[in-house]
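Protein chains in written order, with the numbering used here: chain A, 1 to 347; chain B, 348 to 694.
Below, the structure written as C-alpha cells:
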C-alpha cells in the first residue's frame, strides 16, 4: 500500500488534452465534459482512462445526537435501510445498476447487533453501536476516530484487490446531517445557521432546534479545525470517518473518488484537512439542497456537475455522475479527429 | 395522425407521484429526478413510463448569413459533419451510443448536392441548398417555412412508425447560432447583444460583427414575433424549422422531447409560439454557454437539468440527459416501498 498520495500525472493530462483538441468539434465546446476527461487522465495517469469497475461504497452509522430529535425519521431506519441496500431496493441500488456499478455496504457503526455475513456487506468492522451524544461530550474516542480512517482504508484495499477503477462515496445514518453540519461549522469557522439544513425533512421549529443542538455540540467540544481526527472524534460520525479514510486510501491508489452530497462532503473535508493532496482525486457529483454543502465544495475547490436538488445521500448523486464520467471518457476515446473524418478545421 | 396536442394526463401524473411518495426515501429527497419521473408520466399517460427506443434527430442546414463571416468555421463543415454523423465519429454518435439511443440525420437544407441514400439519413427532404442571406432579405420563402414544419412532422411520423418512445433534438449548421440569435431577438423583443454568443468560437471583434449582422437581419426583415412561420421564413433556418415541426409532431403523439441547447431552444420557441401546448412535452436537457439560451428557457418556463458549459449542439446535451430520464423512470419502477422493505416512515 503506498503511504503517500501521488501528484497528478500532468503528462497524461496534457496528452488527453491534445487528443481532445483534435476531435471533430470546436475546441472546448463540450465544456466541463472535456475538463472531466482531462482531469481523470491526470488522476489515473492514463491518457485514455476507462472505469469498467465502479463501486458505490455506502458507509452506515448511527448518531447519539438523534436522541435530541434532530431528524424527521427514527434511528431504527438506519439498520432497516442497510437491509434494504442488501436486498437491492433502495434508490442507490437502482441508480448504481443503471450506471453499471456495484453497491458495497460497510457497517461503520449502526446501533444494532452485528449483521450476519453477506456478500455485499462489510459487517466485521463495526466501530461502535452509534456514536455518543455530541451535545454532551465527544461523539467518539480518539482511538475510535483513528479506527474509522483505518477501516475506510482497509475496505478500499479489499475492494481494490477485487478490482476497483472508480469509487463513489455514499452514506446512511439517521442524524448524520447534524454531524456533517457540526464538522462544517467547526472546520470552516462559519455559523451553524449557515451550515444546517432540513435533513430528511424537519419543519421550521425542528430546524431551529437542530441549529441549537449543533451550536451546543461545537461549543461543548471545541474541536480543532486543523485536526481532522479531532473534528471526527468530537463532532463526527463513524460512517463519516470511514468515508474519509476511504477517500484518502483511494487517493493513494490513484483511484478517482466521485463524492455524493453533504455527508460525503463532510468526509471529503476531513480527508482534505488530513491531507490536502486528496483533493486532487475528488470529483463533486452534485450540489445538494443542504445549505452547508456549497460552502464545503467551495473550500475544497470543487465545482459540482449536477444540480438536481437532491438531499437523499446513499451515493445517489454520485451514481448519476458516473454516466458523465463514462461519457467524458468515451468522447476522448471514440470520437473521430478532424484528420480521420476529413472535416475542415477553424478558418 | 392526431391534429391537436393532447393535454397532460394528470391522472397518470398523480399515480406516479403517489407511487414515488411510498418509496424508501424521504419524500422529495430525489428532487428534480422525482419531478422528471412524474412529468414524464403526465406526458405519456403511463404511470410507469419507459423509453427503450430513444432517437436523437439531427437536422442539418446551411445559412446564407455565413457569407458574412459570422462563424469561426467554413460552411463546408456542415456537409462534412453530416458524413461524420453517418460514419459514427461525431460527439453525438458517441454520446447517443452511451445512452442506448440511435442517431438519425435529416438533410433539411445543406448547401451541397443530395447525399446518397443511407439507412440513418433522410436525404429526400432537402428544402433548399442553404438559406438566403438574411441580412439582405428573408432567409426563405413562406412556402419553404411551411415545408420545414411539414418535413419535421413527416420525419417524426416515420420514426414513430418504426418505434419511438423519446425524441431528442439535435442540429448541425455553420451559421445557425446567428439564425437562433435572430429568432430569439425578434421573438423575445430583447437586444441582439443579449442574445448573441461566440458560436463555434469567434473572437471579440468577430462577436461585435455578428451582433451587427443579427441586428441588421432583424431590422431588414421585421419578423412578426407572434407568427412562428414568419419568424422562421425571415430570420430562421431550414434545420431549425424542421426541428420545430418535429417537436410539434412529437407533442401531438405524446412523445416527450428532450431539447438540446441554443439552436434546439430556438426551434422550441418557434414550436411554442405556433402552439403553446407543445411546451408541456418539452424537457430542457441543459443550459448552453450561448447567452440567449437562458432567455429562451425562461420564456418556455423550462429549467435545465445539466449545466456543463456545453456549446456544441448536435443533440449532445440531450443525449447526456437521457441517462437522467432513464434513471428517474427506474427509480419510479424499481425502488422498494416502505411497506415492501419494512422500513419505518417519518415519526
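A virtual CB, placed ideally from N, CA and C, is assigned to each residue, including glycine. Owing to the predicted nature of the structure, the values given are computational and were not obtained by experimental measurement.
Asked                                                                                                                                                                                                    : Found
Run through the segment 240-305 of chain A for me and flag every whole beta strand (DSSP E) of 3 or more residues, listed as ranges in chain order.                                                      : 257-259 and 282-284
From this set, A:203, A:342, A:317 and A:226, which residue's C-alpha is nearest residue 379 of chain B's C-alpha?                                                                                       : A:317
In whole angstroms, what is the alpha-carbon distance linking residue 455 of chain B and residue 607 of chain B?                                                                                         : 18 Å
Since residue 200 of chain A is in the beta strand (DSSP E), which residue starts that stretch and which ends it?                                                                                        : Element bounds for residue 200 of chain A: n/a, residue is neither H nor E.
Alpha carbon to alpha carbon, how far is residue 173 of chain A from residue 292 of chain A? Give it in angstroms, no decimals.                                                                          : 17 Å
Under 9 Å Cβ-Cβ, which residues of chain B neighbour residue 94 of chain A?                                                                                                                              : 674, 677, 678, 680, 681 and 682
Here's the rule I'm using: 16 or more other beta-carbon atoms within 10 Å means buried, otherwise exposed. How should residue 276 of chain A be labelled?                                                : exposed
Distance check for residue 264 of chain A and residue 376 of chain B, CA to CA, integer angstroms please.                                                                                                : 16 Å
From A:157, A:309, A:60 and A:16, pick the residue whose C-alpha is nearest to that of residue 253 of chain A; which is it?                                                                              : A:157
Under 9 Å Cβ-Cβ, which residues of chain A neighbour residue 393 of chain B?                                                                                                                             : Correct list: empty, because the minimum Cβ distance to chain A is about 18 Å.
Who are the neighbours of residue 77 of chain A on chain B, taking C-beta pairs under 8 Å?                                                                                                               : 690 and 691
State the Cα-Cα distance for the pair residue 40 of chain A and residue 324 of chain A, rounded to the nearest angstrom.                                                                                 : 12 Å
Under 8 Å between beta-carbons, which chain A residues line up against residue 578 of chain B? List them in chain order, please.                                                                         : Neighbours of residue 578 of chain B on chain A: none; closest Cβ ~26 Å, over 8 Å.
Buried or exposed, going by whether 16 or more other CB atoms sit within 10 Å of the CB of residue 571 of chain B?                                                                                       : exposed
Out of A:3, A:211 and A:46, state which residue places its alpha-carbon closest to the alpha-carbon of residue 9 of chain A.                                                                             : A:46
Pull up the distance between the alpha-carbon of residue 395 of chain B and that of residue 680 of chain B, whole angstroms please.                                                                      : 6 Å
Could you list the residues in the segment 538-571 of chain B with a C-beta less than 7 Å from some C-beta on chain A, going in chain order?                                                             : 547 and 548
Please report the Cβ distance between residue 248 of chain A and residue 271 of chain A, rounded to the nearest whole angstrom; I am assuming they are in contact, meaning their Cβ atoms lie under 8 Å. : 5 Å
Is residue 289 of chain B close to chain A, meaning its C-beta is less than 8 Å from at least one C-beta of that chain?                                                                                  : Here chain B comprises residues numbered 348 to 694, so residue 289 of chain B is not present and cannot be evaluated.
When DSSP labels each residue in this structure, what does residue 44 of chain A get in the three-state scheme?                                                                                          : helix
Are there 16 or more other CB atoms within 10 angstroms of the CB of residue 314 of chain A, so buried, or fewer, so exposed?                                                                            : buried
Taking DSSP's pairing of strands, which residues face residue 513 of chain B in a bridge?                                                                                                                : B:401
Return the bridge partner residues of residue 415 of chain B from the DSSP annotation.                                                                                                                   : Answer is none; residue 415 of chain B lacks a bridge partner.
Alpha carbon to alpha carbon, how far is residue 126 of chain A from residue 104 of chain A? Give it in angstroms, no decimals.                                                                          : 15 Å
Measuring only the C-alpha atoms, how far is residue 385 of chain B from residue 587 of chain B?                                                                                                         : 29 Å
Can residue 535 of chain B and residue 602 of chain B be called in contact, C-beta distance under 8 Å?                                                                                                   : no
When you compare the CB of residue 25 of chain A with every CB in chain B, is at least one pair closer than 8 Å?                                                                                         : yes
In terms of residues, what are the limits of the alpha helix (DSSP H) holding residue 94 of chain A?                                                                                                     : 91-98
Using a beta-carbon distance below 8 Å, is residue 369 of chain B in contact with chain A?                                                                                                               : no
Does residue 665 of chain B have its Cβ less than 8 Å from a Cβ in chain A?                                                                                                                              : no
Count Cβ pairs between the segment 639-657 of chain B and the segment 53-61 of chain A that sit closer than 8 Å; are there 3 or more?                                                                    : no
Given a cut-off of 8 Å, decide if residue 482 of chain B and residue 530 of chain B are closer than it, judged by their beta-carbon atoms.                                                               : no
Leaving out five residues on either side along the sequence, give the residues of the same chain with a beta carbon under 7 Å from the beta carbon of residue 625 of chain B.                            : 352, 594, 595, 598, 618 and 619
For chain A, is any of its Cβ atoms less than 8 Å away from the one on residue 366 of chain B?                                                                                                           : no
Beta-carbon separation of residue 499 of chain B and residue 400 of chain B under 8 Å?                                                                                                                   : no
Considering only residues of the same chain and omitting the five flanking positions on each side of residue 19 of chain A, which have a CB-CB separation below 7 Å?                                     : 47 and 332
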